[in-house]
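*Asks:*
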Amino acid sequence: MYVARVSTRVPLSKQTASHLSKVVAANFSQSCSGSLHRVGLGASPVLHTSQSHREFSSTPRAALRDFFPQKETELIRKTKPAWEHPDFSYEDMKTKVFYAHREPADFSDRVALWMVRLLRWGTDLVTGYKHDVEVPKKIGDTNAVAETKPYGMSERKWLIRIIFLESVAGVPGMVAAMLRHLHSMRRLKRDNGWIETLLEESQNERMHLLTFLKMAEPGWFMKFMLLGAQGVFFNSMFISYLISPRTCHRFVGYLEEEAVFTYTLAIQDLEAGKLPQWTHPDFRVPDIAVDYWKMPEDKRTMRDLMLYVRADEAKHREVNHTLGNLDQDEDPNPFVSEYKDVGRPHPGKGIEHLQPIGWERKDVI
Ligand SMILES: [Fe+2]
Ligand SMILES: [Fe+2]
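Position 260 (the sequence shown) corresponds to 260 in full-length UniProt numbering; numbering is contiguous.
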């Protein structure tokens, strides 16, 4: 297996620079098709860093193909997403989004937390995730950032993990929305506004996936793993949501706690200079991301992208922990409601009043 390496000593041509975001893709793709075990079973990648004479410009053009280009038609100029992303202020993304853990209050919460821990263990194994920090035990735990073992991540390993996780992250919202939609028609009852937020969440997760797929094309083994994971996860969520929707929302809330933690570590790695391909001055985030998050011109680094994605995950964490606190049949969705008392903060689509562990029912209904 060969992995090209960036050398900051040699100036890059403009054309080469514009493809920087996809170079990791080429490395990723080559590694995926080159070794089954490397992708699926978490063996450490072998980086042939001694071959430093080979620069990005020598990456085969075929490996950089755009595998879902926008369809050109005779009449259509642009197709906009159904749900525009709400504006997040840069300051809010840096100060209001952080790791937080909601303590389980009953048996249903504990089942949800155990399931997430089990899934996390399995995903760590499958994606070869080895980070040099501990999992935080409480809100703002500083031990979580203390290095405990040699650094085991790289751009390629981050992409494998993120793509795998984002490919299943869009499932719960869609399953919950579908079941609530069917329930409403079957039982001749209103849904009270939950469906829209759940669909929006799953669309947002799919946008995360599409963004990272612009940087990496998985090999056949990874595609096979995604197929299996979706099959198992969709059916498990379907059955579980029919049995206990409240436990499912709590489960997603805990899952999103892990997502916020994962992206926090990725941001810290970027800031610490551990991921040089993503901090190279010529690195470009994909256009799909710039359009979707309406990223300002001076805020288009990989770190900025990670800040947006992490804020989205924190929003999902808030939404699902809140929904997990509500009466599943009767309560309206607090995130799309108008309130009688306009003088104090209420749930909404933005992150100005983000509640890390969700809103309590007594405060919103
Ligand atoms: Fe996501
Ligand atoms: Fe999420």
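Even for Gly, the Cβ is constructed at its ideal location relative to N, Cα and C. Values in this document were obtained by computation on a predicted structure and should not be read as measured data.
Based on Cα-Cα distance, which residue from L182, K71, V285 lies nearest to D304?
*Replies:* Taking the first residue of the sequence shown as 1, we reach residue 304 at position 304. It is V285 whose Cα lies nearest to the Cα of D304.
*Asks:* Which same chain residues end up closer than 6 Å to Y328 when comparing Cβ atoms and leaving out the 5 residues on each side of it in sequence?
*Replies:* Working through the sequence shown from its first residue, we reach residue 328 at position 328. What sits at residue 328 in the sequence shown is Gln, not Tyr. For Q328, where only same-chain residues beyond five positions count, the Cβ hits under 6 Å are P245, R246.
*Asks:* So E205 and E166 are supposed to be a Cβ contact under 8 Å. How far apart are they, rounded?
*Replies:* Mapped onto the sequence shown, residue 205 falls at position 205. Mapped onto the sequence shown, residue 166 falls at position 166. Going by Cβ atoms, the distance from E205 to E166 rounds to 6 Å, so yes, they are a contact pair.
*Asks:* Could you tell me whether the Cβ atoms of F164 and T127 are closer together than 8 Å?
*Replies:* On the sequence shown, residue 164 is found 164 positions in, with the first residue counted as 1. On the sequence shown, residue 127 is found 127 positions in, with the first residue counted as 1. It is a contact, given that the beta carbons lie within the stated cut-off.
*Asks:* For N204, which three-state DSSP category applies?
*Replies:* As a position in the sequence shown, residue 204 is number 204, starting the count at 1. It is helical.
*Asks:* DSSP three-state call for T73: helix, strand or coil?
*Replies:* Within the sequence shown, numbered from 1, the residue matching residue 73 stands at position 73. Note: T73 maps to coil in three-state DSSP.
*Asks:* Is it buried or exposed, S89, if we count other Cβ atoms within 10 angstroms and call 16 or more buried?
*Replies:* In the sequence shown, counting from the first residue as 1, residue 89 sits at position 89. It counts as exposed.
*Asks:* Restricting to Cα atoms, I'd like to know which of E258, I357, G253, Q203 is closest to A82.
*Replies:* Sequence index remark: in the sequence shown, residue 82 carries index 82 (1-based). Closest by alpha carbon: Q203.
*Asks:* Any chance the region 271-284 sits against the region 69-76, with 3 or more Cβ pairs inside 8 Å?
*Replies:* Flag = no, the region 271-284 and the region 69-76 do not touch.
*Asks:* Using the Cα positions of I357 and M115, report the straight-line distance between them to the nearest angstrom.
*Replies:* Locating residue 357 in the sequence shown gives position 357, where the first residue counts as 1. Locating residue 115 in the sequence shown gives position 115, where the first residue counts as 1. Rounded to the nearest angstrom, the two C-alpha atoms are 18 Å apart.
*Asks:* I think A311 touches I351, with their Cβ atoms under 8 Å apart; what is that distance to the nearest whole Å?
*Replies:* Reading the sequence shown from its first residue, position 311 is the one you call residue 311. Reading the sequence shown from its first residue, position 351 is the one you call residue 351. So it is a contact: roughly 6 Å between Cβ atoms.
*Asks:* Is the Cβ of E84 closer than 8 Å to any Cβ of chain B?
*Replies:* Of the chains in the structure shown, none is chain B; there is only one protein chain.
*Asks:* State the DSSP-derived secondary structure class of T197, mapped to helix, strand or coil.
*Replies:* Here the question's residue 197 lines up with position 197 in the sequence shown. Reduced to three states, the DSSP call for T197 is helix.
*Asks:* Over the uninterrupted alpha helix (DSSP H) stretch that includes R161, give me the two end residues.
*Replies:* Here the question's residue 161 lines up with position 161 in the sequence shown. Where R161 is concerned, the enclosing alpha helix (DSSP H) stretches over 155-169.
*Asks:* Helix, strand or coil for D109? Go by DSSP, reduced to three states.
*Replies:* By one-based count along the sequence shown, residue 109 stands at place 109. If DSSP states are grouped into helix, strand and coil, D109 belongs with the helices.
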